[in-house]
Structure formats: structure tokens, C-alpha cells
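Peer 1: Below is one structure. I have some questions about it.
Protein chains: 2
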Amino acid sequence: MVPTDETHTLLILSRDSDVYLQILSQAMLPGLSIVTPEDVEKALWFGADCDLLFGEPSLVSKVINYLPMVRWVQSTWAGVEPLFSPDLRRDYILTNARNVYGSLMSEYVFGYLLSIERRILTRWVLQQQVVWDETPSSTLRGKLLGLLGVGTIGDCLAKTAHYFGMSVNGYTRQSESCPYIDRYFHPGDLRDFASGLDYLVCTLPGTPNTSQLIDETFLSYLPQTAWLLNVGRGSVVDESALVAALSQGRLAGAVLDVFMEEPLASGHPLWQTPNTFITAHTAATNYPPDIAGLFIENYKRLVRSEPLLYQVDFNEQY
Amino acid sequence: MVPTDETHTLLILSRDSDVYLQILSQAMLPGLSIVTPEDVEKALWFGADCDLLFGEPSLVSKVINYLPMVRWVQSTWAGVEPLFSPDLRRDYILTNARNVYGSLMSEYVFGYLLSIERRILTRWVLQQQVVWDETPSSTLRGKLLGLLGVGTIGDCLAKTAHYFGMSVNGYTRQSESCPYIDRYFHPGDLRDFASGLDYLVCTLPGTPNTSQLIDETFLSYLPQTAWLLNVGRGSVVDESALVAALSQGRLAGAVLDVFMEEPLASGHPLWQTPNTFITAHTAATNYPPDIAGLFIENYKRLVRSEPLLYQVDFNEQY
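Sequence lines, in order, name chains D and F. Sequential numbering of the first sequence, starting at 1, is according to the numbering used here. Sequential numbering of the second sequence, starting at 319, is according to the numbering used here.
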């Protein structure tokens with residue numbers, strides 16, 4: 001990298017501060033000083049001179065209004081909803097984490113898809129009863145996956161689906177750049193998009209446009225044999241409609257990592273609906289080396305006065 | 319295909335006779351007549367004039383001695399042990415099913431690998447207790463897979479392992495043709511091959527050379543954190559040694575599709591050893607369109623007087 005006279009001070013505010021500090025230190029980024037306060041309160045003291053901020057949106061949202069020097073925030077998450085709160089400043093560049101969750105999401109989604117096809121849970125239950133279960137497995141090959149949202153995570157899921165011999169329907173507002181989508185659908189085509197799907201995977205962010213998109217009508221478009229997987233945001237799904245569809249057998253099952261309210265309340269019916277797998281927003285937990293790599297790439301761009309990757313539009317909330 | 323005056327009569331002897339008959343009929347193979355008797359007894363009557371035989375080795379072994387006209391047998395299975403019985407004739411060409419189980423084996427193996435990494439079973443058990451389980455998942459990325467046997471199934475598993483960002487050690491007698499194996503090992507290198515593995519997958523056929531290869535010594539080379547998966551043949555594993563290793567926590571767990579005796583006896587300790595998944599030789603059940611495709615390809619070669627694919631050596635028993 002070209003030497004620079006420019007200096008920057010970075011505040012890291014993350015559960016994984018230690019790991020990030022280690023990786024960024026080893027990267028020897030020119031002109032960069034780093035502070036890693038233990039908690040939010042100390043961040044307010046030590047962060048006063050910082051112009052860069054790197055961390056979880058839930059923590060960043062607590063300090064951003066009190067750190068007026070900050071002009072760039074790199075989120076460690078894809079979802080940055082906490083920073084859209086109307087009382088928070090928006091006069092800085094916000095970049096989120098993209099292109100780093102694809103492989104983890106792929107492991108989550110295909111872990112469940114293969115478990116379903118291979119009857120892993122059912123076979124294990126039968127094993128407890130010492131049953132030699134010769135029921136054949138089904139296969140992903142030839143099946144149809146629908147992707148609601150085709151961003152960087154959707155790209156990766158579509159690629160993995162193709163690897164396993166599936167076809168892929170993609171539903172998106174505009175972009176048609178993913179080579180692994182066999183057919184694209186757009187707003188207005190929801191019924192055609194959904195019909196014939198074996199699996200629907202929602203990767204949509206939580207925005208005013210996506211709220212409750214998966215409602216009773218949309219669920220009625222899906223075949224009774226289809227599974228719904230939600231790894232996007234809970235607000236995209238009308239949970240009452242989903243509970244009804246699962247309870248009445250109008251849907252084969254659901255794998256849910258995100259909910260309207262998290263943690264999912266202990267009395268929520270989704271804990272008990274048939275063929276429902278609940279996970280606690282753990283589908284793609286941070287993989288610090290990747291997220292750090294994203295910061296490093298963007299820092300190099302900053303120093304070269306190039307546009308940063310994955311800038312969030314505060315108006316689109318994405 | 320070039321018209322031919324040659325005629326052949328094929329006996330199909332399979333659980334999936336109807337499907338095979340349909341596919342082969344549609345293929346309009348020149349000069350081919352097909353008979354599909356209902357059972358072994360009828361096969362002896364109707365098969366007297368047949369020169370070709372296509373079916374399960376367990377069924378073929380019951381008729382092959384009584385059908386002297388047969389000069390080529392296409393097995394629907396990869397494993398053809400029933401045809402090595404010393405009282406059976408060997409004066410015919412035996413071809414087995416290869417290159418058709420890779421994708422199904424890949425779904426089986428990676429279904430279990432991802433279930434383990436993503437804690438799918440543990441999370442489901444916790445869900446029954448209404449526990450919001452935020453334990454992060456681990457990932458296949460960066461982990462080391464060892465393949466004991468690198469045939470066409472091993473090739474496909476290695477490719478899938480690479481797809482998920484794993485490294486692959488391959489143990490083989492000779493061939494080093496698979497581009498997805500990072501390091502090859504050969505007889506004599508078992509200790510080096512095994513050390514550091516996260517997962518060991520055995521795809522070896524049951525032959526005199528592979529019998530009890532996975533014994534107490536070999537198991538002691540594996541890290542305590544490693545999982546063993548056997549999708550080859552049960553005879554490759556010393557089951558007593560495996561039971562001891564699992565019971566004493568010297569191995570993280572096992573996923574077993576094949577056993578010394580199948581079905582696995584109801585009193586066998588492997589039903590109960592910790593972290594053990596038992597499946598009933600269902601890892602790669604037949605996918606008739608693929609197997610039929612193999613017969614079609616070989617039939618075309620036969621008509622053109624070209625060598626058939628995947629000929630079995632009766633001496634090597636593979």
C-alpha cells in the first residue's frame with residue numbers, strides 16, 4: 001500500500017473486539033490507531049477523537065450520537081436496523097457486512113434441507129427405539145428452491161442449490177445478475193414464483209417494503225408439500241398466518257431463525273407447530289476473519305479515496 | 319446409433335424392474351428385447367435365452383449359474399460381493415454401478431456433517447424444552463476431511479468438501495487422479511493420514527484387503543474430536559474396537575450406514591454408544607434413471623464392440 005500522511009482513529013465496539021484488534025493489528029494498516037474500550041460507557045470516553053467506528057449495530061446505536069467525529073461506521077452485521085432509529089444521526093457513511101454470511105447461511109440452509117431429505121431427525125428417533133429403518137431417502141436433485149431476495153446471501157444459496165442439482169426461482173425487485181437463478185420473478189409475480197416450490201428460503205432484510213410480505217395469501221400460493229425457511233428478518237412473515245398454515249397442514253414445515261420478537265416468547269405457538277425447527281438467530285453468526293477482511297478492504301478504499309463497499313441507503317433502509 | 323443386425327435379450331431382475339423397463343424401452347436401443355419376470359423362479363424360466371442380465375447382485379447370484387447364455391451382467395449396485403461366492407460361475411463380464419452414487423452419498427455425508435456442525439439434533443432437543451439456544455454453530459470451512467478410498471464416490475465427496483471450504487486427505491492404493499484431494503496417502507501412511515482429521519469418511523469396498531482396516535490401532539491415530547463415517551462396507555471396521563472408542567470418548571462420534579451383519583442385531587451395542595447415528599444401508603439407494611443410463615451407455619458400447627465401463631475384476635474383487 002502507498003504510504004500516507006492521513007491518520008485515522010478507529011473505535012472497535014464488538015463482542016469480538018479482541019479478535020478484531022489482533023487481525024487489524026497484523027494487517028499493519030497505514031495511519032490507523034485503534035482503541036478497544038471494554039464497554040459502551042468507556043467507549044464514550046475513549047472514542048471522542050475517533051473518526052471511524054467498527055462494531056455491532058446494537059452497540060453502535062448507543063454511542064453514535066455522542067461521537068460527532070465519526071464519519072464512517074462499518075457494521076459487523078448485515079442487518080443494521082438499530083441505526084435507523086429516527087432519533088439517531090445519519091450524517092455519516094454506513095457500510096454493512098455483505099458477502100461474508102453467504103457460506104455460513106449456505107451451511108445452515110443446506111444442513112436443514114439435507115436433514116429433511118435424508119430424514120436425519122426421524123431416523124434418529126427410530127434409532128432410539130432400535131428400529132432398522134429401511135425407508136429410502138429422497139434427494140435434493142431435481143427439486144425447486146425459491147429465493148425471496150437475491151442479494152449476496154441469495155447468490156450463495158443459489159450456487160449451492162445448483163451444486164446439489166436443484167433449480168432455483170429468484171424473486172427480486174430488480175437485479176438479475178446471479179448466474180445461478182434459473183428464473184427471475186418480480187413484484188406482481190408472487191403467485192408464479194411460489195407455485196411448484198419444494199423449498200422457499202427468505203433472505204429479505206426487514207424494511208417497510210418487505211414487512212409481512214409472507215402473509216396468508218402468499219402462503220396459499222405455496223404447495224402443501226413445501227417447506228418455508230426464514231433466515232432474513234422476522235418482520236417479513238405474518239406469524240399468525242404461518243402458525244395457521246403449519247397447524248392445518250397447508251405447509252410441510254418451517255425452519256425459522258428470525259422472529260417478530262426475539263427471543264421467541266416461551267408461550268409462542270411456533271415452538272409447538274408441526275414440523276417446525278426453531279433456531280435462535282444463529283444461522284450466520286459472525287466469522288470475525290471475514291468481517292475484519294471487509295473492514296480492511298474498505299479502509300484501503302478510504303485511504304485511496306475510493307467509494308466504500310456495501311454502503312447502506314438510509315432512505316431505502318438497506 | 320448405427321443400425322445393427324445384432325440382437326440381444328435382456329433379463330431385468332430388480333425391485334425397480336418396472337422403472338427400468340420403462341426407461342430402457344423409451345431409449346429404443348437397437349436389437350434389444352427385454353424380459354422382466356416377477357421373481358427369481360420365473361426368471362429361470364423366462365431367462366433361458368437371455369445373454370444380458372441387469373439387476374441387484376443379491377438376485378443375480380440366485381440365477382447366474384442356471385443361465386449359461388448370459389455373457390454380461392450389469393449390476394445395479396456398486397457392491398457386488400454376492401457374485402464372488404466361490405460356487406458361482408465367473409465366465410462373464412461383470413460391470414458394477416459407479417459414478418452414480420456420488421451425489422447421493424454426498425447428500426448423506428454432508429447432511430450429517432452439517433447437522434453436526436449446526437447442532438441440528440441438539441437444537442431440536444432443546445426446542446422441545448422451549449429453550450432459546452444462542453450457542454453459536456461451528457463451520458465446515460477450514461476443517462479437514464479424510465477419505466479412506468478415493469473412487470468415484472470419494473471423488474464426489476472431495477469435490478463437495480472443497481465446495482464447503484474443507485481440506486481433504488485421500489488414502490488410496492495408487493490412483494492420484496482426483497483434483498479435489500489436497501494430500502494423498504498410501505498404505506504405510508495410515509498414521510499421517512489420520513492425524514488431525516475432523517472427519518474420516520470410509521468409502522472402501524469389502525475386499526480381503528480392506529477387512530478390519532479400521533481397527534483399534536487405526537482408531538488411536540484419530541484425534542479425540544474426530545467423527546467416523548462409514549458408507550463403504552461394514553467389514554472394513556472392527557466393530558468391537560469402535561464400540562470401545564465411542565464408549566470411552568476416544569472418538570467424538572460415528573455415523574454408520576453399513577455393518578458386519580445387516581440388519582444390525584437389536585442387542586448390538588452400537589445402537590446405544592454415545593453420539594452414534596445408525597442408518598440402515600440407505601445412504602445411497604438406487605436412483606433408477608442414473609443406473610439405467612449406465613446400462614444404456616454400456617449397451618451402446620457392447621453393440622459397437624467397445625470395452626464396457628466399470629468392469630469388475632473377480633480376482634481383486636473390485
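Even for Gly, the Cβ is constructed at its ideal location relative to N, Cα and C. Treat the numbers as computed from the prediction; the structure is a model and nothing was measured.
So within the stretch 273–308 of chain D, which uninterrupted beta strand (DSSP E) runs reach at least 3 residues, ignoring any that extend past its ends?
Peer 2: Within the stretch 273–308 of chain D, the complete beta strand (DSSP E) runs of at least 3 residues are 276–278.
Peer 1: When you compare the CB of G253(D) with every CB in chain F, is at least one pair closer than 9 Å?
Peer 2: Answer no: the Cβ-Cβ gap between G253(D) and chain F never drops below 9 Å.
Peer 1: Which residues mark the beginning and the end of the beta strand (DSSP E) in which L147(D) is found?
Peer 2: Start and end: L144 to L148.
Peer 1: So the beta strand (DSSP E) S75(D) belongs to, where does it begin and stop?
Peer 2: Segment W72 to S75, the beta strand (DSSP E) holding S75(D).
Peer 1: Using C-beta distances below 8 Å, list every residue in its chain close to Y543(F), excluding the 5 sequence neighbours before and after it, in chain order.
Peer 2: Residue 543(F) is actually Thr in this sequence, not Tyr. Excluding residues within five positions, the ones whose Cβ falls inside 8 Å are D516 and A570.
Peer 1: Could you tell me the alpha carbon to alpha carbon distance between M1(D) and P30(D), rounded to whole angstroms?
Peer 2: Any reading at M1(D) is ruled out, since the residue's pLDDT is 48, under 50, leaving its predicted position unreliable.
Peer 1: Do you know how far the Cα of T76(D) is from the Cα of L58(D)?
Peer 2: Going by the sequence as given, residue 58(D) is Ser instead of Leu. For S58(D) and T76(D), the distance between alpha carbons rounds to 10 Å.
Peer 1: In chain order, which alpha helix (DSSP H) runs of at least 4 residues are fully inside the stretch 203–247 of chain D?
Peer 2: Those alpha helix (DSSP H) runs which fall completely within the stretch 203–247 of chain D and span 4+ residues are 216–221 and 239–247.
Peer 1: Can you list the residues of chain D that R333(F) reaches, using a CB-CB cut of under 9 Å?
Peer 2: Per Cβ cutoff of 9 Å: no residues; R333(F) is ~11 Å from chain D at best.
Peer 1: So G571(F) is in the beta strand (DSSP E); what residue range does that whole segment cover?
Peer 2: Element bounds for G571(F): G571 to L574.
Peer 1: Closest to D18(D) by CA distance: which of N315(D), T7(D), F54(D) and G47(D) is it?
Peer 2: Taking only the C-alpha atoms, the option nearest D18(D) is F54(D).
Peer 1: At the 9 Å Cβ level, is A598(F) part of the contact set with chain D, yes or no?
Peer 2: Chain D contact via Cβ: present.
Peer 1: Which runs of the alpha helix (DSSP H) spanning at least 4 residues fall entirely within the stretch 102–144 of chain D, listed in chain order?
Peer 2: Counting only runs of 4 or more, we get 102–117 and 120–128.
Peer 1: Rounded to whole angstroms, how far is the Cβ of P581(F) from the Cβ of W132(D), which I believe are closer than 8 Å?
Peer 2: Indeed they touch by this definition, with Cβ atoms about 4 Å apart.
Peer 1: Residues of chain F with CB under 9 Å from R141(D), in chain order?
Peer 2: Neighbours of R141(D) on chain F, chain order: S421, L422, E425 and Y605.
Peer 1: Mind listing the chain F neighbours of R118(D)? Cutoff is C-beta to C-beta under 7 Å, in chain order.
Peer 2: E425, Y426 and G429, listed in chain order.
Peer 1: Would you list, in chain order, the members of the stretch 204–235 of chain D that have their beta-carbon closer than 9 Å to a beta-carbon of chain F?
Peer 2: Per Cβ criterion, the list is empty.
Peer 1: How many angstroms separate the CA atom of R622(F) from the CA atom of E615(F)?
Peer 2: Taking the straight line from one Cα to the other gives about 11 Å.
Peer 1: Short check: CB of L83(D) to CB of I64(D), under 9 Å?
Peer 2: Yes, they are a contact pair.
Peer 1: To the nearest angstrom, report how far apart S211(D) and L204(D) are at their CA atoms.
Peer 2: Distance between the alpha carbons of S211(D) and L204(D) is about 10 Å.
Peer 1: Between Q344(F) and W271(D), is the Cβ-Cβ spacing less than 9 Å?
Peer 2: For Q344(F) and W271(D), no; Cβs fall outside 9 Å.
Peer 1: Mind listing which residues of the stretch 132–163 of chain D have their C-beta closer than 8 Å to chain F's C-betas, in chain order?
Peer 2: So the list reads W132, D133, E134, T135, P136, S137, T139, L140, R141, T160 and Y163, given in the order they occur along the chain.
Peer 1: Would you mind stating whether N548(F) and V573(F) have Cβ atoms separated by less than 9 Å?
Peer 2: It is a contact, given that the beta carbons lie within the stated cut-off.
Peer 1: Exposed or buried, what is T535(F) when buried is set at 16 or more other beta-carbons lying within 10 Å of its beta-carbon?
Peer 2: By the 10 Å Cβ count, T535(F) comes out exposed.
Peer 1: Taking C-beta pairs closer than 9 Å, name the residues in chain D that K445(F) reaches, listed in chain order.
Peer 2: Residue 445(F) is actually Gln in this sequence, not Lys. Going along chain D in sequence order, the residues near Q445(F) (Cβ under 9 Å) are W271, T276, F277, I278 and T279.
Peer 1: Assuming V630(F) is part of the beta strand (DSSP E), what are its boundary residues?
Peer 2: Run containing V630(F): none; DSSP gives neither H nor E here.
Peer 1: Report the residue ranges of all alpha helix (DSSP H) runs contained in full by the stretch 26–55 of chain D; include only those spanning at least 4 residues, in chain order.
Peer 2: 40–46, all fully within the stretch 26–55 of chain D.
Peer 1: Which whole-angstrom value is the C-beta distance of V561(F) and P587(F), which I expect to be below 8 Å?
Peer 2: Going by Cβ atoms, the distance from V561(F) to P587(F) rounds to 5 Å, so yes, they are a contact pair.
Peer 1: At which residues does the beta strand (DSSP E) containing V486(F) begin and terminate?
Peer 2: Taken as a continuous stretch (DSSP letters only), the beta strand (DSSP E) holding V486(F) covers S485 to Y489.
Peer 1: Chain F partners of G293(D), CB-CB under 9 Å?
Peer 2: In chain order: nothing, as chain F lies at least about 13 Å away.
Peer 1: Just how far apart, CA to CA, sit V60(D) and M578(F)?
Peer 2: In a straight line, the C-alpha of V60(D) is about 59 Å away from that of M578(F).
Peer 1: Which of the three DSSP states is assigned to V63(D) in this structure?
Peer 2: Helix at V63(D).
Peer 1: Rounded to the nearest angstrom, how far is the Cβ of V168(D) from that of L147(D), given a contact under 8 Å?
Peer 2: The pair is a contact, with the Cβ atoms about 6 Å apart (cut-off 8 Å).
Peer 1: Would you verify that the beta carbon of V243(D) is, or is not, closer than 9 Å to some beta carbon of chain F?
Peer 2: Not closer than 9 Å to any Cβ of chain F, the Cβ of V243(D) fails to qualify, so no.
Peer 1: Determine whether the beta carbon atoms of G151(D) and R89(D) lie at a separation below 9 Å.
Peer 2: No.
Peer 1: For Q311(D), which residues from the same chain have a beta carbon less than 8 Å from its beta carbon, with the 5 sequence-adjacent residues on both sides left out?
Peer 2: Excluding positions up to five away in sequence, the list reads I93, L94 and T95.
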